[in-house]
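Here's the structure, in C-alpha cells; my notes come after.
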Amino acid sequence: MVDIRAVPEADIDRALELAYLAFHDRPGKEARERHHTLLTRCGRIGAYDGDALVGFMAAHDFRLSVPGADLPCPGLTFVAVAPTHRRRGVLSALMHEQLSRTAAEGAPIAALWASEAAIYGRFGFGSATHGATVEIDSTRPLALRVEPDRRPLRLVDPADAPDVIGPYHEAARGTRAGRPSRSPERWTDGWLCEEDEEDEGFSPPRIIASGAPGEPIAGYVLYRTKPVQDGGPLRSPGEVRVDELEADSPQVAAALWSCVASLDLTGTVRAWGRPPDDPLLHFAADRDQVRVTGLFPALWLRLVDVRAALTARAWAAPVEVVLELADVRLPANAGRFRLKAGPQGAAYERSGSGPDLTLDVRELAAAYLGGTRLTELVAAGLVGEHTPGAAAALDAALRTSLLPHTADEF
Ligand SMILES: CC(=O)SCCNC(=O)CCNC(=O)[C@H](O)C(C)(C)COP(=O)(O)OP(=O)(O)OC[C@H]1O[C@@H](n2cnc3c(N)ncnc32)[C@H](O)[C@@H]1OP(=O)(O)O
C-alpha cells in the first residue's frame with residue numbers, strides 16, 4: 000500500500016529523478032536547476048512506498064481564462080510513477096488526492112497537458128483546446144490577401160520582454176479562453192530561456208514587436224531559429240520556429256508573419272501551436288505555401304465543481320436544459336441538473352425533470368470553453384440527446400467568437 004502525502008522541499012530532487020526516469024529524460028545541470036526552482040513554487044504530492052518516492056504530481060498555481068472570466072485553476076504537471084509501481088493505481092490515488100485538494104481550495108477547474116491522450120479522460124478531463132501545426136514555405140515571399148501594417152518593427156531584448164510583451168500577453172489572454180496566466184518566472188525560465196529545452200540546436204529566443212519605441216506595441220512574434228544544415232547535397236534551409244504570435248489586427252499579424260518568413264538564410268517557418276482558427280489561414284493567399292500539417296489535443300480540462308464553473312462563465316445565448324451528468328470520481332457533480340443560462344448569467348440546480356442530454360463530465364469539460372461542439376459528441380455517440388435540438392441549443396450558448404487556444408505547454 001502506498002501512502003499519498005505532500006512532498007517536502009527536501010524531496011524535490013528525488014521527485015525530479017523519478018520524473019526523469021519516467022520520461023526517459025536526462026536534462027543538463029541548468030535545466031535541472033530550473034526544474035528544481037519550478038517545483039519549489041508548485042503544489043506537490045507524492046506516493047511513498049515506505050521511504051521510497053514511487054509516484055509524483057505537481058500543480059502550478061495558475062488562473063485560466065474562460066469565456067468572460069478568469070478562474071483559479073491548478074495546472075497539473077510532472078506526473079510520474081516508478082516503472083516498478085505502474086498500473087497499480089498510483090496515478091489514480093494521486094489524482095484523487097489532487098482533485099480533493101482542488102475542490103477544498105475552491106478552484107472550480109483544473110487543467111493539464113497530457114503525455115498520452117488515452118490517460119486522463121477516465122479522471123474526467125476533456126480535451127478542451129486544440130493546437131494546429133502550421134508550416135510556411137518561405138523560400139518565396141509570403142503571399143497575402145491583406146496589406147501588412149506599416150508601423151515600424153523593433154527587436155525586443157529578451158531581458159526586457161516580460162515588461163514589454165508581458166502586459167500585452169496578459170491582455171490578449173482575455174480574448175481567447177483556455178490561456179493560463181504566465182508568471183514572470185514562466186517567462187524567464189520557459190518562453191525566454193536562453194537554451195531551448197526540447198532542441199538545443201535552436202537559437203536563443205528572438206522577439207520582434209510592432210510599434211516604434213515609446214509607443215504601445217500592437218503585437219509581437221517570439222521565435223527561435225536553426226541555421227542551414229550543411230550536409231553537401233543534403234543541405235537543408237534554415238528554419239524559423241514561431242513559438243508565439245499575437246497581434247491587434249490581421250494587418251499587424253500579416254506584418255509579423257511576413258517578417259519571419261523573409262528572414263535571410265531560412266526557408267521554412269514552423270509554428271507548432273497555432274489556434275485552429277488562426278487568421279493567417281484565411282489571409283494567406285496561397286494555401287499550398289501555408290499549410291496545416293497537424294492538429295493535436297492541447298489543454299485537457301477538468302470541471303471540479305461543475306456548478307461553480309458553469310455559473311462563472313459568460314453565455315452567448317439563452318438556453319434551458321436538464322443535464323443528466325455522470326462523474327464517478329467526484330460524485331457531488333453527478334445527477335440531474337437544470338441549467339438555465341444566458342447573457343444575464345446562469346443558474347444550475349438539481350432537478351427532478353427528465354433529462355434533455357445525458358453525458359459524462361469529461362464531455363462537458365471538452366465543451367466548456369466553446370472549443371468542442373456537443374452536437375458532434377452526440378453524433379459520435381458520446382452524448383445522449385433525448386430532446387431534439389438540445390445539444391445545438393447548448394452549443395449556441397457555449398459558443399465563443401474565437402476558438403479557445405493555448406500554446407502554454409506545462
Ligand atoms: C500532466 C502530465 O504530467 S502528463 C505525464 C504523464 N506521465 C508520463 O507519461 C510518464 C510515464 N508514465 C507514468 O509515469 C505512468 O505510467 C502514468 C503516470 C502515465 C500512469 O501511472 P499508473 O500509476 O500506472 O496509473 P494507474 O495504475 O493509476 O492507472 C489508472 C488507469 O489508467 C490507465 N492508464 C495508465 N496509464 C495509461 C496510459 N499511458 N495509456 C492508457 N491507459 C493508461 C490504467 O490502465 C488504469 O486503467 P483502469 O482504471 O481501467 O484499470
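Residue 188 in numbering that gives the first Met the number 0 is what sits at position 189 of the sequence shown, and the numbering runs on without skipping anything.
Note that CB positions come from ideal geometry on N, CA and C, so glycine has one too.
With respect to the alpha helix (DSSP H) encompassing C258, which residues constitute its N-terminal and C-terminal limits? One-based indexing of the sequence shown puts residue 258 at position 259. C258 -> alpha helix (DSSP H) spans 249-260.
Please classify P179: does DSSP put it in a helix, a strand, or coil? Your numbering for residue 179 matches position 180 in the sequence shown. Strand at P179.
For ligand 1, I want to know if R328 counts as a neighbour, meaning its beta carbon is within less than 6 Å of at least one of the ligand's heavy atoms. Translated into the one-based positions of the sequence shown, residue 328 becomes position 329. Every heavy atom of ligand 1 is 6 Å or more from the Cβ of R328, so no.
Helix, strand or coil at P147 [DSSP, three-state]: What you label residue 147 is simply residue 148 of the sequence shown in a count that begins at 1. Coil.
Do the CB positions of V145 and F282 come within less than 7 Å of each other? The residue given as residue 145 occupies position 146 in the sequence shown. The residue given as residue 282 occupies position 283 in the sequence shown. Yes; because the gap between Cβ atoms is below 7 Å, this pair is in contact.
Close-in-space but distant-in-sequence residues of the same chain around L70 (CB under 8 Å, 5 per side omitted): For this step, residue 70 is matched to residue 71 along the sequence shown. Result list for L70: R62, L63, A106, P107, I108, A308, A311, in chain order.
Determine the contact status of R175 and P204, defining contact as a CB-CB distance below 7 Å. Within the sequence shown, the letter at position 176 stands for residue 175. Within the sequence shown, the letter at position 205 stands for residue 204. No. Outside cutoff.
Is the separation between the beta-carbon of G293 and that of P317 shorter than 7 Å? On the sequence shown, residue 293 is found 294 positions in, with the first residue counted as 1. On the sequence shown, residue 317 is found 318 positions in, with the first residue counted as 1. No, the pair does not count as a contact, with Cβ atoms beyond the cut-off.
DSSP state of M0 mapped onto helix, strand, coil: Start at 1 with the first residue of the sequence shown, and residue 0 comes out as number 1. In the structure shown, M0 sits in coil (DSSP, three-state: anything other than H, G, I, E or B).
Within the same chain, show all residues whose beta-carbon is closer than 6 Å to that of R43, passing over the 5 residues directly before and after it, in chain order. On the sequence shown, position 44 is the one that residue 43 refers to. V6, A57, listed in sequence order.
So what does C72 bridge to, in DSSP terms? Taking the first residue of the sequence shown as position 1, residue 72 is located at position 73. C72 pairs with F61.
Would you be able to state if there are at least three C-beta pairs under 8 Å between the segment 269-288 and the segment 126-141? yes
Once DSSP output is grouped into helix, strand and coil, what is the label at Q458? Residue 458 lies beyond the range of the chain shown here (0 to 409); nothing can be said about it.
Using the rule of at least 16 other Cβ atoms within 10 Å of the residue's Cβ for burial, across every protein chain shown, is D24 buried or exposed? What you label residue 24 is simply residue 25 of the sequence shown in a count that begins at 1. Under this definition D24 is an exposed residue.
Beta-carbon within less than 8 Å of D285's beta-carbon, same chain only, minus the 5 sequence neighbours each way: which residues are those? The residue you call residue 285 lines up with position 286 of the sequence shown. Hits under 8 Å: A142.
DSSP beta-bridge partners of H129: Working through the sequence shown from its first residue, we reach residue 129 at position 130. DSSP, once it has assigned bridges, lists P296 as partnering H129.
For L264, verify whether its CB is less than 6 Å away from any heavy atom of ligand 1. Numbered from its first residue, the sequence shown carries residue 264 at position 265. Not under cutoff, so the answer is no.
Identity of the residues DSSP links to A325 by a beta bridge: Here residue 325 is taken as the residue at index 326 of the sequence shown, counted from 1. Answer is D359, bridged to A325.
Determine the direct distance from the alpha carbon of L397 to that of R172, and round the result to whole angstroms. One-based indexing of the sequence shown puts residue 172 at position 173. One-based indexing of the sequence shown puts residue 397 at position 398. Roughly 18 Å between the two C-alpha positions.
Measuring alpha carbon to alpha carbon, tell me which of V89, D10, E115 ends up nearest V1. Your numbering for residue 1 matches position 2 in the sequence shown. Out of V89, D10, E115, V89 has the C-alpha closest to the C-alpha of V1.
To the nearest angstrom, report how far apart F22 and A113 are at their CA atoms. Looking up residue 22 in the sequence shown gives position 23. Looking up residue 113 in the sequence shown gives position 114. Cα to Cα, F22 sits roughly 12 Å from A113.
Please list the segments of the beta strand (DSSP E) lying wholly inside the segment 193-220, counting only runs of 3 or more residues, in order along the chain. 205-209
What did DSSP end up calling E184 once you bin it into helix, strand or coil? The residue given as residue 184 occupies position 185 in the sequence shown. Three-state result, E184: helix.
Tell me whether L324 is buried or exposed, calling it buried when 16 or more other Cβ atoms sit within 10 Å of its Cβ. Here residue 324 refers to the residue found at position 325 when the sequence shown is read from its first residue. When all chains shown are included, L324 counts as buried.
Could you check whether the Cβ of A80 sits closer than 6 Å to any heavy atom belonging to ligand 1? Residue mapping note: residue 80 aligns to position 81 of the sequence shown, counting from 1. Sequence inspection shows Val at residue 80; the Ala mentioned does not correspond to that position. Result yes, Cβ under 6 Å from ligand 1.
The alpha helix (DSSP H) with R100 in it runs from where to where? Start at 1 with the first residue of the sequence shown, and residue 100 comes out as number 101. Note, R100: alpha helix (DSSP H), 89-103.
Keeping to the same chain, check which residues put their C-beta closer than 6 Å to that of Q433; ignore five residues upstream and five downstream. Residue 433 is absent from the structure shown; the chain starts at 0 and stops at 409.
Taking the CB atoms as reference points, tell me whether T76 and F409 lie closer together than 7 Å. Within the sequence shown, residue 76 is the residue found at index 77, counting from 1. Within the sequence shown, residue 409 is the residue found at index 410, counting from 1. Yes, Cβ-Cβ distance for T76 and F409 is below 7 Å.
Can you find a heavy atom of ligand 1 that lies under 6 Å from the Cβ of V89? Taking the first residue of the sequence shown as position 1, residue 89 is located at position 90. Yes, the Cβ of V89 comes within 6 Å of a heavy atom of ligand 1.
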